[in-house]
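Chemist:
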Amino acid sequence: MSGFNPLETMFGVNVQCILNLGIPVLTSWMGADLVDNWHPMYFGSPGVYGQRIANKVLYEADTVIAIGCRMSAWMVGHTGLRPEQKLFMVDCDWQEVDRNPGAVWVNEDIGKFIVNLQPANVPEWVAQCYRWSQAMPLIEESHRDTEYINSYRLMAYINGELRPDEHIVVDTGSLMCPVFQAMRFKPPQRVMTAGCLGEMGNALPGAVGVSFARNKGEVLALLGDGGMMMNVQELATIAYHKLPIKMIVFANDGYSMIKGTFATVKRDRVGVDHKSGLGFPDFARLAASFGISACNVRTWDTFKNYFKIMLKHPGPMLMELTIDPEQEFVPRLKPINKDGKITPPRFCDMSPL
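This is the structure we're talking about:
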């Protein structure tokens, strides 16, 4: 499946041609691997946990063309676009369009629409987007390491080590944030997750499916400790079939997203970490019990050493990486809690401001 481009297969077009129109291009998380993220016309993925530059470009644009994207609240925030922005939605479902006030429905085949797009001459707008991108790097001051490795810096490092045809499967929850905020992809690299379905534990069985689809090919599975517990039995499947799945378990003592929710609503934690009633095994020892090579990692030196070993290892391997249990996942559109009343911020006002 090397070189596989799902959009090209589905619509008979090379979606990469969008990058040559002279117009800033953004993608949803689910579409991040469909275009070259290193292209100068690509400005990232917006959203509640989007990239700061992507949110700025989307918020300031006069006209937005959404191609096969339903512009969900997860992507455009609860306040949505500015009322004066023009939104054209190329979609087969008018009900998805109808959820966005003022949106213009373009009921056309996506393949034909992309082919018929014409280049635009907007040099001032593109130049402004470049200036914003220089001022808004993907790795920010808030991503500094503590006594633990920061997961955003880790993803940026991994990004530089990926193979040209790397296939990555990502768990849902907080782990998606550093992946889609700090990493960049280039076809035929693929990155897959459950997206808005949000089922915890999807990455491990998903990686099994991807490996089989690649004729028992290599897969990089990025797993959360909470999600890992949902489908940990798939380690037996991986071991039995000797699937070369390289697993990194981000052990942060529980459910980070729910920890954040408790903090936002100012309530005591319940069932989200060890202190509030949640327990986890040593995943490296557990993997080893299935005959899978495994290691525990906490420092940069140890990680870099074992990550190189992992990429060269012919069979499955699991790395349990301990990260800060209280690490924040930012930037984000952080709800404003004032006197018990929670209100959403403007789409471009990502925390930390």
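Following the working numbering, the numbering of the sequence shown begins with 74 at its first residue and continues without gaps.
Note that the Cβ used here is the ideal one computed from N, Cα and C, for glycine as well.
(1) Roughly how many angstroms separate the alpha carbons of residue 360 and residue 367, rounded to a whole number?
(2) Under 8 angstroms: do the stretch 220-229 and the stretch 148-166 share three or more Cβ pairs, one atom per stretch?
(3) Could you spell out the range, first to last residue, of the alpha helix (DSSP H) harbouring residue 337?
(4) Measure the beta-carbon distance from residue 312 to residue 364 and round it to whole angstroms, keeping in mind my assumption that it falls under 8 angstroms.
(5) If you run the structure through DSSP and keep just helix, strand and coil, what is residue 256?
(6) Name the one or two DSSP bridge partners that residue 216 has.
(7) Classify residue 142 as helix, strand or coil using the three-state DSSP reduction.
(8) Tell me which residue opens and which closes the alpha helix (DSSP H) that residue 114 is part of.
(9) Exposed or buried, what is residue 219 when buried is set at 16 or more other beta-carbons lying within 10 Å of its beta-carbon?
(10) With burial defined as no fewer than 16 other Cβ atoms inside 10 Å of the residue's Cβ, what is the status of residue 404: buried or exposed?
(11) How about residue 222 and residue 371: do their beta carbons lie closer than 9 angstroms?
(12) With C-beta atoms as the reference, is residue 110 less than 9 angstroms away from residue 258?
(13) Under the three-state reduction of DSSP, which class applies to residue 405: helix, strand or coil?
(14) So, is residue 120 buried or exposed, given that buried needs 16 or more other C-beta atoms within 10 angstroms?
(15) Where do the ends of the alpha helix (DSSP H) carrying residue 189 lie?
(16) Using the Cβ count rule (16 or more neighbours within 10 Å means buried), how would you classify residue 102?
(17) With DSSP run on the structure shown, which of helix, strand or coil describes residue 82?
(18) Helix, strand or coil: which one does DSSP assign to residue 380?
(19) Would you report the Cα separation of residue 341 and residue 328, rounded to the nearest angstrom?
(20) Answer yes or no: do residue 246 and residue 279 have a C-beta to C-beta separation smaller than 9 angstroms?
(21) Check for me: the beta strand (DSSP E) holding residue 198 runs from which residue to which?
(22) Assuming residue 366 is part of the beta strand (DSSP E), what are its boundary residues?
(23) Report the rounded CA-to-CA distance for residue 386 versus residue 125, giving the unit in angstroms.
(24) Is the beta carbon of residue 237 sitting closer than 9 angstroms to the one on residue 262?
(25) In the DSSP assignment, find the beta strand (DSSP E) that holds residue 310 and state where it starts and stops.
(26) Using the Cα positions of residue 267 and residue 398, report the straight-line distance between them to the nearest angstrom.
(27) Using the Cβ count rule (16 or more neighbours within 10 Å means buried), how would you classify residue 139?
(28) Given this structure, state the Cα-to-Cα distance separating residue 424 from residue 131, to the nearest angstrom.
(29) Taking the continuous beta strand (DSSP E) assigned at residue 263, which residues delimit it?
(30) Which same chain residues end up closer than 7 angstroms to residue 272 when comparing Cβ atoms and leaving out the 5 residues on each side of it in sequence?
(31) Per DSSP, residue 416 forms a beta bridge with which residues?
(32) DSSP on residue 296, reduced to helix/strand/coil?
(33) Between which two residues does the alpha helix (DSSP H) containing residue 133 stretch?
Modeler: A quick look at the data gives this:
(1) Each residue's alpha carbon lies about 6 angstroms from the other.
(2) No, the stretch 220-229 is not in contact with the stretch 148-166.
(3) Residue 337 -> alpha helix (DSSP H) spans 329-337.
(4) Indeed, because the Cβ distance is near 5 angstroms, the residues count as touching under 8 angstroms.
(5) Residue 256 falls in the coil class under three-state DSSP.
(6) Its beta-bridge partners do not exist; DSSP assigns none.
(7) Here residue 142 carries a coil assignment [DSSP, helix/strand/coil].
(8) Unbroken run through residue 114: none, as it is neither H nor E.
(9) Exposed is the label assigned to residue 219, since fewer than 16 other Cβ atoms lie within 10 Å of its Cβ.
(10) By the 16-neighbour rule on beta-carbons within 10 angstroms, residue 404 is buried.
(11) Going by C-beta atoms, residue 222 is nearer than 9 angstroms to residue 371.
(12) Taking 9 angstroms as the cut-off, the Cβ atoms of residue 110 and residue 258 count as close.
(13) It is a strand residue.
(14) By the Cβ neighbour-count rule, residue 120 is buried, with 16 or more other Cβ atoms within 10 Å of its own.
(15) Counting along the chain, residue 189 sits inside the alpha helix (DSSP H) bounded by residues 183-189.
(16) Sixteen is the threshold: when 16 or more other Cβ atoms of the shown chains lie within 10 Å of the Cβ of residue 102, as they do, the residue is buried.
(17) Because the pLDDT at residue 82 is just 49, under 50, the model does not fix this residue reliably, and the value given afterwards should be weighed accordingly. Under the three-state reduction of DSSP, residue 82 is assigned to helix.
(18) The DSSP-derived three-state label of residue 380 is helix.
(19) As the crow flies, the alpha-carbon of residue 341 is around 14 angstroms from that of residue 328.
(20) Not a contact, by the Cβ cut-off of 9 angstroms.
(21) No beta strand (DSSP E) contains residue 198, which is instead part of the alpha helix (DSSP H) from 196-208.
(22) DSSP places residue 366 in the uninterrupted beta strand (DSSP E) bounded by 366-370.
(23) Going by the C-alpha atoms only, they are around 36 angstroms apart.
(24) A contact, by the Cβ cut-off of 9 angstroms.
(25) Taken as a continuous stretch (DSSP letters only), residue 310 belongs to no beta strand (DSSP E), being part of the alpha helix (DSSP H) at 307-314.
(26) So the alpha carbons of these two residues sit roughly 24 angstroms apart.
(27) With 16 or more Cβ atoms within 10 Å of its Cβ, residue 139 is classed as buried.
(28) Those two C-alpha atoms are separated by around 17 angstroms.
(29) Under the DSSP assignment, residue 263 falls in the beta strand (DSSP E) whose first and last residues are 263-265.
(30) The residues are 245.
(31) Looking at the DSSP assignment, residue 416 forms a beta bridge with 409.
(32) DSSP places residue 296 within a strand segment (E or B) once states are collapsed to three.
(33) Note, residue 133: alpha helix (DSSP H), 125-133.
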